[in-house]
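First residue of the sequence shown? That's 219 in the working numbering, and the numbers climb one at a time after it.
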Amino acid sequence: MARLLLVDDEPAMLFALKELAESRKHETVLAKTGADALAALEGVDAVVSDYAMPGMDGVQLLQAIRERDATLPVILLTAHGSERLAVRAMKTGAYEYVTKPFDIEEMALVIERALEARALRVQNRRLSAEKAIGRSIVSESGAMRRLIDAVSRVAPKDVTVLVHGETGTGKELVAALIHAESKRAQGPLVRFNCAAIPGELAEAELFGHARGAFTGAGQARRGFFAEANGGTLVLDEVGELPIALQAKLLRALQEGEIQPVGAGRVEHVDVRVIACTNRDLAADARSGRFREDLYYRLAVVELTVPPLREHREDIPALAAEFARRYAERFGVEGVRLSPELVESLRNADWPGNVRQLENMIARMVALGTGGEIGAQSLPAAPAQPAGTTLWEQLDAYERSLIEQALAATSGNQSEAARRTACGLAVSRATKSTEILLPAEGSETPNSLRSIWKEVLAITRSSARATSTWTANGRVTPCSEIVPSNRSCRATPCTSTAG
């Protein structure tokens, strides 16, 4: 059963179209004007519209629909058939142009063909998304096969899902796969990191705000819920959401309504929510740290992503995929992993899970010169002196990374910067920081300071080129560096962060 939007200012024609569609077991939405049609566009599979209507005509409506969804089939009707009008309609993107009065059976056939074309486009896009995402979700182990099977069962059902897992296990990839296999795959996939911004600003980011709602709100802004309308909203680190905001999230889930900060009206939204957490939310609900009613609302279906140590048999395939990906990104040819290296990777401890494995492979590919990468390329893990902070350890690691890049590129600072930019950006972004130059007067050699400057330039250039980074990440395609505390609106997003 499909959902058809029928648009005509003549009640008799609207009734006839409704009877035709419902006789074929299709659901119908009726509109008398182009403006009404645009307001009712969400969730429809095809549009049948009259051409001659007061205000916005059929071709103008078609143009507006194309701006929102280029794949939605639109069938135009007219009692004044002309070759010129037909050409205009088809050039604008109409699926078909039908002259009134029409034959009922022929009209039914046109509608069915339009719906089949729509379904084929959706299926092709879904398969492409699954292929892209699936390369990073290896399921050779029993644990991962069970998870993927569960995803396949729950994805078509429009219910909220709570995804558990340690940091770096790939929770966001699971959320993206659910979206790609759902009926909402044509809609947006939007990520909101509940821990990325202060609680007092989270409400405005999540639900939007009116102009003048608070100091600095010079213009109204849509929130993440509104941006995800018709699609899926992934709430990452949902356990960190302030308790005061949890009630408003509950209302959005239960009623499908949001109220922007400072606005005197509510907005209706159609959003599927997938929440991700590394916390025990059931325990948090029992202790009062997390609203119990919100927990049950989020956990209609619960999925757990196993840590890497519980599916070590997937490590060889994961490592090979990461090596292929970063060899292509860095322009390094002939990269392959030696059997000894693969065995060492299988036996290693991975407290950072898949993300840690990915970063290590990226590092080895970046520092190599192509060909086989052996076990000797594994980074040493020297003991840290007592009192060394995590930040100091990070600085030492990054200094070592730059020094090795300089050696691998025979002192070519620009090439060393390009190879290390991704690893350094991910390293810092994982801790919600920016890449910073070493302080003036510090004991940092000039060559290292030069590399830092080039890394910073590359990182900022990538951010500007993709127009992707903001405080909580309204983003588009992840072309180069995707920090783990940022969002991705690409469909699908294949960053393994999260």
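Note that the Cβ used here is the ideal one computed from N, Cα and C, for glycine as well.
Since the structure is predicted, the reported quantities are computational estimates derived from the model, not experimental observations.
- Taking one beta carbon from each stretch, the stretch 366-374 and the stretch 272-285 have fewer than 3 pairs nearer than 8 angstroms; the two do not touch.
- Nearest neighbour of MET325 by Cα position, chosen from PHE425, GLN574 and ALA234, turns out to be ALA234.
- Its chain contains VAL356 and GLU358 as the residues whose beta carbon lies nearer than 7 angstroms to that of ALA535, once the 5 sequence neighbours on both sides are disregarded; these appear in chain order.
- According to DSSP, residue pairing for ASP454 in a beta bridge involves ASN411.
- In the three-state reduction of the DSSP assignment, HIS397 falls in the helix class.
- For LEU333, same chain residues with a beta-carbon under 7 angstroms away, outside a window of 5 residues either side, are ALA220, ASP263 and ALA264 in chain order.
- By the C-beta criterion, the stretch 285-299 is judged to be in contact with the stretch 313-328, since at least 3 inter-stretch pairs fall below 8 angstroms.
- When the beta-carbon positions are compared, GLY252 and VAL225 come within less than 8 angstroms of each other.
- Your pair ARG564 and ILE533 checks out as a contact, with CB atoms roughly 5 angstroms apart and the cut at 8 angstroms.
- By DSSP's assignment, SER267 forms a beta bridge with VAL225 and LEU294.
- Taking 8 angstroms as the cut-off, the Cβ atoms of ARG409 and ASP454 count as close.
- Contact check for PRO478 against GLY449 fails: the beta carbons are separated by 8 angstroms or more.
- One thing to note: GLY586 has its Cβ within 8 angstroms of the Cβ of VAL550.
- Shown here, ARG507 sits in coil according to DSSP, grouped into three states, outside any helix or strand.
- When C-alpha distances from GLY570 are compared across LEU555, GLU314 and ASN496, the shortest belongs to ASN496.
- Pairing VAL491 with PHE548 gives a Cβ-Cβ distance that is not under 8 angstroms.
- Between the alpha carbons of GLU475 and VAL489 lies a gap of roughly 10 angstroms.
- The Cβ atoms of ALA249 and ALA239 do not sit closer than 8 angstroms to each other.
- Secondary structure at ILE366: helix, using DSSP grouped into helix, strand and coil.
- Setting aside the 5 residues that flank it on each side, LEU459 is surrounded in the same chain by CYS412, each with a C-beta closer than 6 angstroms to its C-beta; the list follows chain order.
- One Cα belongs to TYR513, the other to VAL392, and the distance between them is close to 19 angstroms.
- When GLN594, ASN630, PRO524 and GLN622 are compared, the shortest CA-CA separation from ARG364 is found for PRO524.
- Bounds of any beta strand (DSSP E) do not take in TYR544; it lies within the alpha helix (DSSP H) bounded by 533-548.
- In the three-state DSSP reduction, VAL487 falls in the coil class, being neither helix nor strand.
- Inter-residue distance for GLY552 and ALA538 is about 12 angstroms (C-alpha atoms, whole angstroms).
- Within a 10 Å sphere around the beta-carbon of GLN472 sit fewer than 16 other beta-carbons, which makes this residue exposed.
- CA-to-CA, the gap between GLU421 and ASN577 works out to about 33 angstroms.
- Taken through DSSP and simplified to helix, strand or coil, TYR514 comes out as helix.
- Counting along the chain, the unbroken beta strand (DSSP E) around ALA249 starts and ends at 245-249.
- Nearest C-alpha to LEU555 among GLY589, ARG527, PHE443 and HIS427: GLY589.
- In the structure shown, VAL377 adopts coil according to DSSP, grouped into three states.
- By the neighbour-count criterion, in which 16 or more other beta carbons inside 10 Å mark a residue as buried, THR627 falls on the buried side.
- In this structure, the beta-carbon distance from PHE443 to PHE432 does not fall below 8 angstroms.
- When the Cα atoms are used, ARG543 and ILE396 turn out to be separated by approximately 23 angstroms.
- If you look at GLU314, you'll find it in the beta strand (DSSP E) that goes 314-317.
- Bounds of the beta strand (DSSP E) holding GLU520 are 519-522.
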